[in-house]
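S.K.: My questions will all concern the structure given below.
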Ligand code: AMP
Ligand code: MG
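Numbering (my numbering), first residue to last: 10 to 454.
And the structure:
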């Protein structure tokens with residue numbers, strides 16, 4: 010029988026460079042399935058943190074290709090930005106000494122300075138130069154008066170302006186180096202390159218950047234009931250959706266994907282796939298096989314391969330999670346339920362992968378407060394995560410309401426939602442009007 014339908018990404022270069030230099034191991038006593046004790050979310054995060062560190066290896070890429078990558082060097086500005094003192098407005102440049110203390114003053118207009126086309130004549134007393142935004146300030150001038158604030162006169166060939174009081178010496182002028190000065194550190198190693206960083210490096214004329222090599226992540230689904238797209242589906246079978254959500258989440262993270270397809274619930278098949286995945290990737294993610302009966306054989310298989318723990322985390326959805334190491338690879342065994350896959354990925358896997366990628370981002374998934382409009386049932390002693398819609402009320406204040414049914418198999422509730430509501434471990438049920446912690450799905454990135 011064909012074990013799986015694999016779509017393999019190219020570029021699994023060997024050998025791999027590694028620096029998983031943290032050596033702390035999870036304690037031998039753990040929360041196995043069957044153990045009534047739940048592992049607090051913070052403790053799970055701490056253990057994952059202790060086992061994950063930045064990979065080694067970097068490469069130089071062109072600026073555009075650096076989008077989403079992690080900077081692997083300290084970038085120091087080779088120049089001032091702006092390079093020269095220039096006008097922040099369309100108007101007239103003059104020496105501050107020309108500003109009238111009372112009454113008005115008339116100045117002769119000598120010419121025009123354009124952005125990229127300076128006026129290089131002298132500007133003696135009693136004169137001014139018309140300047141466009143971004144034009145280099147003509148020699149001897151230090152102040153700009155906006156077009157709207159002068160009275161323009163034109164007699165035959167000669168042009169002049171009349172200015173009044175109330176101007177400030179130095180106004181409407183951008184100083185050289187005001188944004189960035191030569192020698193400033195503009196980006197530190199560990200910074201993720203987003204559109205602002207692309208522009209920032211572009212403004213310095215930097216065309217190539219040293220970035221961390223891409224993290225390699227292998228992933229696969231387990232389950233006898235799973236069918237790949239394009240296959241006919243029989244009673245009791247389902248299409249494999251987890252590999253699609255994982256594909257989406259991993260692609261957005263900017264890692265190199267190794268899609269190992271669907272693996273049947275057979276110890277040998279699972280064993281071989283884990284072994285293969287660990288040989289190809291820095292991190293391995295599987296979904297499914299976390300329910301009691303299946304976890305038994307997957308647990309046995311993993312015990313032969315590496316150091317893996319099954320945790321029952323105090324979180325809903327997403328309680329069962331396996332974590333550990335197979336060979337040199339870090340392993341995350343996510344639940345099978347599609348919503349639980351997304352929840353555990355964002356809460357546990359994504360922060361760890363970012364750390365492995367070399368990111369120094371301390372809080373990759375920030376939260377905000379909003380007023381909850383719906384009643385949310387909650388058991389104490391576990392974190393509960395609701396899918397929800399963040400909006401604004403008539404006064405512009407942030408409000409949030411649950412998308413409805415909490416079932417961890419209901420993927421459409423993720424699609425309806427634009428945020429998670431995160432109810433803390435020690436919290437109780439929420440009544441409408443209460444403030445809750447919200448984690449938006451998308452920010453300005
Ligand atoms: P498991 O953790 O393997 O017991 O799976 C829990 C539930 O999630 C079952 O209803 C599975 O059919 C479903 N499930 C597991 N893997 C997938 C997948 N890749 N795509 C869609 N549903 C899945
Ligand atoms: Mg299963």
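All C-beta atoms in this analysis are idealised placements derived from N, C-alpha and C, irrespective of residue type, glycine included.
At a cut-off of 7 angstroms, is residue 342 close to ligand 2 when judged by its beta-carbon and the heavy atoms of the ligand?
M.R.: Taking the chain shown and counting its residues from 1, one reaches residue 342 at position 333. Flag unset: Cβ of residue 342 not near ligand 2.
S.K.: Considering only the alpha carbon of each residue, which of 120, 47, 431 lies closest to residue 514?
M.R.: Residue 514 lies beyond the range of the chain shown here (10 to 454); nothing can be said about it.
S.K.: Just the C-alpha distance for residue 227 and residue 403, rounded to the nearest angstrom, thanks.
M.R.: Here residue 227 is taken as the residue at index 218 of the chain shown, counted from 1. Here residue 403 is taken as the residue at index 394 of the chain shown, counted from 1. Their backbone Cα atoms lie some 46 angstroms apart in a straight line.
S.K.: Give me whichever residues DSSP pairs with residue 344 in a beta bridge.
M.R.: Taking the first residue of the chain shown as 1, we reach residue 344 at position 335. Answer is none; residue 344 lacks a bridge partner.
S.K.: Hey, how far is the Cα of residue 47 from the Cα of residue 322?
M.R.: Reading the chain shown from its first residue, position 38 is the one you call residue 47. Reading the chain shown from its first residue, position 313 is the one you call residue 322. The straight-line gap from Cα to Cα measures roughly 5 angstroms.
S.K.: Rounded C-beta distance between residue 177 and residue 95? I'm assuming under 8 angstroms.
M.R.: In the chain shown, counting from the first residue as 1, residue 177 sits at position 168. In the chain shown, counting from the first residue as 1, residue 95 sits at position 86. Between residue 95 and residue 177 the Cβ distance is about 18 angstroms, and since that is not below 8 angstroms, they are no contact.
S.K.: Less than 7 angstroms separating the Cβ of residue 235 from some heavy atom of ligand 1?
M.R.: For the purposes of this step, residue 235 is identified with residue 226 of the chain shown, where counting begins at 1. Yes.
S.K.: For residue 92 versus residue 185, is the C-beta spacing smaller than 8 angstroms?
M.R.: Residue mapping note: residue 92 aligns to position 83 of the chain shown, counting from 1. Residue mapping note: residue 185 aligns to position 176 of the chain shown, counting from 1. Cβ distance < 8 angstroms, so residue 92 and residue 185 count as in contact.
S.K.: Are the beta-carbon atoms of residue 147 and residue 132 separated by less than 8 angstroms?
M.R.: Here residue 147 is taken as the residue at index 138 of the chain shown, counted from 1. Here residue 132 is taken as the residue at index 123 of the chain shown, counted from 1. Closer than 8 angstroms, so yes.
S.K.: Within the present structure, is the beta-carbon of residue 327 separated from the nearest heavy atom of ligand 2 by less than 7 angstroms?
M.R.: In the chain shown, counting from the first residue as 1, residue 327 sits at position 318. Incorrect: residue 327 has no Cβ contact closer than 7 angstroms to ligand 2.
S.K.: In whole angstroms, give me the CA-to-CA distance for residue 347 and residue 378.
M.R.: By one-based count along the chain shown, residue 347 stands at place 338. By one-based count along the chain shown, residue 378 stands at place 369. Taking the straight line from one Cα to the other gives about 26 angstroms.
S.K.: For my contact list, residue 327 and residue 352 are in at a C-beta cut-off of 8 angstroms; report their separation, rounded to the angstrom.
M.R.: Locating residue 327 in the chain shown gives position 318, where the first residue counts as 1. Locating residue 352 in the chain shown gives position 343, where the first residue counts as 1. The pair is a contact, with the Cβ atoms about 5 angstroms apart (cut-off 8 angstroms).
S.K.: Say yes only if the C-beta of residue 352 is nearer than 7 angstroms to one or more non-hydrogen atoms of ligand 1, and no if none qualify.
M.R.: Here the question's residue 352 lines up with position 343 in the chain shown. Not under cutoff, so the answer is no.
S.K.: Under the DSSP definition of a beta bridge, which residues are partnered with residue 444?
M.R.: Residue numbering aside, residue 444 sits at position 435 when the chain shown is read from its first letter. Answer is 380, bridged to residue 444.
S.K.: May I ask you to check if the CB of residue 249 is nearer than 7 angstroms to at least one heavy atom of ligand 2?
M.R.: For the purposes of this step, residue 249 is taken as the residue at position 240 of the chain shown. It does not: the Cβ of residue 249 is nowhere closer than 7 angstroms to a heavy atom of ligand 2.
S.K.: Pull up the CB-CB distance for residue 150 and residue 124, whole angstroms please, since I reckon it's below 8 angstroms.
M.R.: Looking up residue 150 in the chain shown gives position 141. Looking up residue 124 in the chain shown gives position 115. Actually they do not touch by this definition, with Cβ atoms about 16 angstroms apart.
S.K.: Going along the chain, which residues of its own chain have a beta-carbon closer than 8 angstroms to the beta-carbon of residue 52, five neighbours each way excluded?
M.R.: For this step, residue 52 is matched to residue 43 along the chain shown. Here the set comprises nothing.
S.K.: Is DSSP giving residue 94 helix, strand or coil here?
M.R.: As a working mapping, residue 94 is identified with position 85 in the chain shown. It is coil, neither helix nor strand.
S.K.: Between the Cα of residue 135 and the Cα atoms of 253, 104, 208, which residue gives the shortest distance?
M.R.: The residue given as residue 135 occupies position 126 in the chain shown. The shortest Cα separation from residue 135 among 253, 104, 208 belongs to 104.
S.K.: Grouping DSSP H, G and I as helix and E and B as strand, with all else coil, what is residue 365?
M.R.: As a first step, residue 365 is located in the chain shown; it is residue number 356 there, counting from the start. In this structure, residue 365 counts as helix in the three-state DSSP scheme.
S.K.: Looking only at its own chain, which residues have a Cβ that is under 7 angstroms from the Cβ of residue 392, when we skip the five neighbours before and after it?
M.R.: Along the chain shown, one-based indexing puts residue 392 at 383. Here the set comprises 50, 323, 324, 431, 432, 433, 434.
S.K.: Would you say residue 230 touches ligand 1, meaning its beta carbon is less than 7 angstroms from a heavy atom?
M.R.: Counted from its first residue, the chain shown places residue 230 at position 221. Yes - ligand 1 has a heavy atom lying nearer than 7 angstroms to the Cβ of residue 230.
S.K.: Quick check on residue 319: does DSSP put it in helix, strand or coil?
M.R.: Indexing the chain shown from 1 puts residue 319 at position 310. Strand, per DSSP.
S.K.: What are the boundary residues of the beta strand (DSSP E) that includes residue 202?
M.R.: Mapped onto the chain shown, residue 202 falls at position 193. Residue 202 -> no beta strand (DSSP E), and no H or E assigned at all.
S.K.: From the DSSP output, read off the bridge partner residues of residue 295.
M.R.: As a working mapping, residue 295 is identified with position 286 in the chain shown. Answer is 229, 342, bridged to residue 295.
S.K.: Any contact of the segment 230 to 250 with the segment 106 to 115, i.e. 3+ C-beta pairs under 8 angstroms?
M.R.: Short answer: they don't touch.
S.K.: Between residue 26 and the rest of its own chain, which residues show a CB-CB distance below 8 angstroms, the 5 nearest in sequence each way excluded?
M.R.: For the purposes of this step, residue 26 is taken as residue 17 along the chain shown, with counting starting at 1. Any reading at residue 26 must be qualified, since the residue scores a pLDDT of 35, below 50, and its modelled position is unreliable; the value itself is stated next. Answer for residue 26: 64, 65, 66, 222, listed in chain order.
S.K.: Checking the sheet assignment: what are the DSSP bridge partners for residue 248?
M.R.: As a working note, residue 248 is residue 239 in the chain shown. DSSP, once it has assigned bridges, lists 236 as partnering residue 248.
S.K.: Would you call residue 83 buried or exposed, if buried means 16 or more other Cβ atoms sit within 10 Å of its Cβ?
M.R.: Counting from one through the chain shown, the residue named residue 83 turns up at place 74. The residue in question, residue 83, is exposed, as its Cβ has fewer than 16 Cβ neighbours within 10 Å.
S.K.: What number of angstroms, rounded off, separates the C-alpha of residue 170 from the C-alpha of residue 187?
M.R.: If you number the chain shown from 1, residue 170 lands on position 161. If you number the chain shown from 1, residue 187 lands on position 178. Taking the straight line joining both Cα atoms gives about 29 angstroms.
S.K.: Residue 146 by DSSP, collapsed to three states: which one?
M.R.: In the chain shown, the residue the question calls residue 146 occupies position 137. Residue 146: coil per DSSP, three-state reduction.
S.K.: Mind checking whether the beta-carbon of residue 273 lies closer than 7 angstroms to any heavy atom of ligand 1?
M.R.: As a position in the chain shown, residue 273 is number 264, starting the count at 1. No, the beta carbon of residue 273 sits no closer than 7 angstroms to any heavy atom of ligand 1.
S.K.: Measuring straight from C-alpha to C-alpha, what distance separates residue 16 and residue 271?
M.R.: Along the chain shown, read from residue 1 onward, the residue named residue 16 stands at position 7. Along the chain shown, read from residue 1 onward, the residue named residue 271 stands at position 262. Residue confidence is low: residue 16 scores 34 on pLDDT, short of 50, so the model does not pin down where it sits. No coordinate-derived value is stated.
S.K.: Kindly list the residues whose CB is nearer than 6 angstroms to the CB of residue 145, restricted to its own chain and excluding five residues on each side of it in sequence; keep chain order.
M.R.: Start at 1 with the first residue of the chain shown, and residue 145 comes out as number 136. So the list reads 93, 95, 127, once near-sequence residues are dropped.
S.K.: So, helix, strand or coil for residue 423, using DSSP?
M.R.: Stepping through the chain shown from its first residue, residue 423 is reached at position 414. Residue 423: helix per DSSP, three-state reduction.
S.K.: Would you decide whether residue 162 is buried or exposed? Buried here means 16 or more other CB atoms lie within 10 Å of its CB.
M.R.: Within the chain shown, the letter at position 153 stands for residue 162. Under this definition residue 162 is an exposed residue.
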